[in-house]
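First up is the structure itself, then whatever we jot down about it.
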Amino acid sequence: MLEFRTQGFNPYAVKYSPYYDSRIAVASAANFGIVGNGRLYSLGLTAQGVQVEKAFDTNDALYDLAWSEINENQLIVACGDGSLKLFDLGVDDFPVMNFHEHKRETFSVCWNPVTKDTFVSSSWDGTVKIVCAPVTRRSPQRANPPSSKTKSRR
1 MLEFRTQGFN PYAVKYSPYY DSRIAVASAA NFGIVGNGRL YSLGLTAQGV
51 QVEKAFDTND ALYDLAWSEI NENQLIVACG DGSLKLFDLG VDDFPVMNFH
101 EHKRETFSVC WNPVTKDTFV SSSWDGTVKI VCAPVTRRSP QRANPPSSKT
151 KSRR
């Protein structure tokens, strides 16, 4: 059995890459997600065990993640500050796009497997938001503003 410890962070979500059977991503939060930073891990499953391929630190907790349906190097995370952040494994340090869609913690996110440029998120603010993201097959050079459609659940 393989094991990986997210030292100093509590893992909230883990997903296999739909493109590579030897890659998984983990969304995590410090201090049990109550207060503090988050960390996104991209892990490679190798003959030597589980290896960190890339790690991104965020200013708030990460509660969920979803792999892009268009680009094998991109994934989106649900953040404790109400935002969603799109990361590209080919780009160092920062998210390539930020979506400020919710007023409270974003708790889940999922890419649409049919309309591949669309994802949905839910939040503790009582809303579910459907967002059409300007995501390309290649890694983006600059961030573009998102257009969003909102559905509220009350």
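To convert, note that position 74 of the sequence shown is 74 in the UniProt record's numbering; the numbers rise steadily by one, no gaps. Ideal placement from N, C-alpha and C gives every residue a C-beta, glycine not left out.
By the neighbour-count criterion, in which a residue is buried when 16 or more other Cβ atoms sit within 10 angstroms of its Cβ, A66 is buried. The C-alpha of G49 is placed about 27 Å away from the C-alpha of L86. Counting along the chain, E53 sits inside the beta strand (DSSP E) bounded by residues 49-58.
With a beta-carbon spacing of about 13 Å, S42 and T6 fall beyond the 8 Å limit used to define contacts.
Taking a 10 Å sphere around the C-beta of G126, we find fewer than 16 other C-beta atoms and assign the residue as exposed. Straight across, the Cα-Cα distance linking V14 with K103 is about 25 Å.
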